[in-house]
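To keep things clear, I will list the structure first and then write my remarks on it.
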Amino acid sequence: MKHRTTAGLAALALGAALALTACSSGEESATEAGEAVCTPEVQAAASTPAQPTPTAEDVAAVDAIQVTGDAGAEPTVTFTAPLTVTAPTTRIISEGTGADLVEGQQVSINYVVMAAADATLVGSTWAEGQSPEVFTLGDASYELLNTPLLGHKVGTRLVLASQGADGTYQVSLIEVAEAKDTLSRAEGEPVEPAEGLPTVELAEDGLPTVTIPSGYEAPAELVVQPLIKGEGAAVTEDQTVTVQYAGCLLDGTSFDSSWSRGTPTSFPLTGVIPGWTQGIAGQTVGSQVLLVIPAELAYGDQESGAIPANSPLVFVVDILDASSDA
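Next comes the structure, spelled out in structure tokens:
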């Protein structure tokens, strides 16, 4: 499922993208007595391809980048343009003094991104109306940051020179604003769902399998059915949520799943389809929610990746955390 808005500038500049992009899992739906059974395909663990090793010239170019300004405030980044590197190259500017950064944590970062060709500003989370970007440390979409940040601390500043997804080069100054542990799956009191809805069975690790009843018809209005009631705070529409989720078509096709990718994902509720915004807002952290979303509250008459036009969608969502803009 794609965001209605673009991902954060850091993700774009670093050649990464937040999850929730429509993708076919390749999983064929199984049927029994007319039922459609949807199980996300869990990708086999694979070693991360080794990044090219920066050359001595790359290291020297990044060593020459100057960063001034107090921690916690927008820094000034200066360098001689144009700057290019043969491989992503990082340098720790200053070590933080906060808690250790551990894989699986929800990490908030502030950043300044500059075009390496002419040293002009591309974007900054310190700009008016912007806020820190949130991601799960270890998420493959942020691989350029995972290795440099693991083993360091909250407050760490690093500079990264890299080639973006569009082929241009960027210089990024990243500062870790916060890191916190989150749930790995929904936790709370089970809720008895209404009859006639798609049913959900959980594997030992929490991976959901969704069964669409024979003859099930798409609802005219959004269906929001809590399956587990969490004890956390209620989510509001203006927050960024961290979730595990699985998405299915009514024929049992699994089209997208964070479970398949191995890590939760974070995104602002203002940046997704209306069915998500309306369905998740008001639920509590720790909850698991079944959403059945009419096409009008999803992608309407537009195709989106593996999702055909005019498709109602079924999601199982574990709400692991919710945070407001800093």
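What the sequence shown shows, in mature numbering (1 follows the signal peptide of the UniProt record, and there is no 0), is residues -24 to -1, 1 to 302, in sequence order.
Cβ atoms here follow ideal geometry from the backbone N, Cα and C, with glycine treated the same way.
Beta-carbon contacts of residue i that lie in its chain and below 7 Å, excluding the five residues immediately before and after
i, result
"Thr44", "Pro51, Thr52"
"Met90", "Val53, Thr96, Leu97, Val98, Gln146, Val147"
"Thr73", "Lys129, Gly131"
"Pro108", "Ser84, Ile85, Asn86, Thr101, Ala153, Ala302"
"Asp157", "Gln81"
Own chain, CB closer than 6 Å to residue i, minus 5 neighbours either side, in chain order
i, result
"Pro284", "none"
"Thr15", "Thr185"
"Thr239", "Thr112, Gly114, Asp115"
"Thr56", "none"
"Pro202", "Val167, Ser263, Val265"
"Ser70", "Arg133"
"Gly10", "Ser190"
"Ser300", "Gln215"
Contact belief for residue i with residue j at Cβ below 8 Å, rounded distance in angstroms
i, j, result
"Gly262", "Gly206", "2 Å"
"Ala63", "Val147", "Their Cβ separation, rounded to whole angstroms, is 14 Å, which puts Ala63 and Val147 out of contact at 8 Å."
"Ala257", "Val211", "6 Å"
"Ile85", "Glu180", "Going by Cβ atoms, the distance from Ile85 to Glu180 rounds to 33 Å, so no, they are not a contact pair."
"Val293", "Gln264", "7 Å"
"Ser242", "Thr260", "The pair is not a contact, with the Cβ atoms about 17 Å apart (cut-off 8 Å)."
"Pro244", "Ala271", "Contact flag wrong, Cβ pair sits at about 23 Å."
"Leu126", "Leu77", "6 Å"
"Ala298", "Ala155", "Their Cβ separation, rounded to whole angstroms, is 16 Å, which puts Ala298 and Ala155 out of contact at 8 Å."
"Ser230", "Glu17", "6 Å"
Host alpha helix (DSSP H) of residue i (start-end)
i, result
"Thr60", "No alpha helix (DSSP H) contains Thr60, which DSSP labels as neither H nor E."
"Arg237", "234 to 237"
"Asp39", "32 to 39"
"Pro28", "Looking at the DSSP string, Pro28 is not in any alpha helix (DSSP H), and its letter there is neither H nor E."
"Gln254", "250 to 256"
Paired residues, beta bridge with residue i - DSSP
i, result
"Ile150", "Tyr87, Leu134"
"Ala93", "According to DSSP, Ala93 bridges with nothing at all."
"Ala155", "Val83"
"Ser70", "Arg133"
"Leu126", "Answer by DSSP bridge pairing: none, since Leu126 is not bridged."
"Phe243", "Val217"
"Ile269", "Leu289"
"Asp294", "Gln220, Gln264"
"Val43", "Val53"
"Gln259", "Looking at the DSSP assignment, Gln259 forms no beta bridge with any residue, so it has no partner."
Span of the beta strand (DSSP E), counted from its first residue to its last, around residue i
i, result
"Gln278", "First-last for Gln278: undefined, no H or E at that position."
"Gly223", "216 to 225"
"Val176", "175 to 178"
"Glu11", "11 to 14"
"Leu203", "199 to 205"
"Phe55", "Careful: Phe55 lies outside any beta strand (DSSP E) and carries neither H nor E."
"Glu109", "109 to 112"
"residue 329", "Past the boundaries of the shown model lies residue 329; the chain is included only from -24 to 302, so the question cannot be answered."
Residue from the options with nearest C-alpha to residue i
i, options, result
"Ala162", "Thr218, Tyr118, Glu171, Ser280", "Thr218"
"Tyr87", "Asp76, Asp94, Ala103", "Ala103"
"Thr185", "Leu266, Glu197, Leu134", "Leu266"
"Ala222", "Ile295, Ala209, Pro58, Gly258", "Ile295"
"Gly105", "Asp214, Gly281, Thr260", "Asp214"
"Ser190", "Pro174, Glu197, Thr158, Ile204", "Pro174"
"Gln220", "Phe231, Ser236, Leu226", "Ser236"
"Pro250", "Val293, Leu198, Gln259", "Leu198"
"Ala12", "Leu120, Asp227, Asp297", "Asp227"
"Cys224", "Ser242, Thr253, Ala194, Gly208", "Ala194"
"Val200", "Pro28, Ser280, Ala170, Leu59", "Ala170"
"Val268", "Leu178, Tyr192, Thr66, Val18", "Tyr192"
"Glu177", "Ile204, Ser160, Ile68, Leu159", "Ile204"
"Asn122", "Ala209, Thr246, Glu79, Gln254", "Glu79"
"Asp34", "Asp46, Ala49, Ser300, Leu59", "Leu59"
"Pro124", "Gln42, Leu149, Ile188, Gly208", "Leu149"
"Pro28", "Leu120, Glu279, Asp94", "Leu120"
"Arg67", "Ala47, Ile41, Gly48", "Ile41"
"Ala32", "Ser280, Asn286, Val61", "Val61"
"Ala196", "Gly276, Gly143, Ala141, Ser117", "Gly276"
Cβ-based neighbour list, residue i, same chain, cut-off 8 Å, excluding 5 preceding and 5 following
i, result
"Ala36", "none"
"Thr65", "Pro30, Asp34, Val35, Ala37, Val38, Leu136, Ala137, Ser138"
Cβ-heavy atom distance, residue i to the ligand FAD, below 7 Å
i, result
"Ala194", "Among the ligands in the structure shown, none appear at all, so the ligand FAD cannot be discussed."
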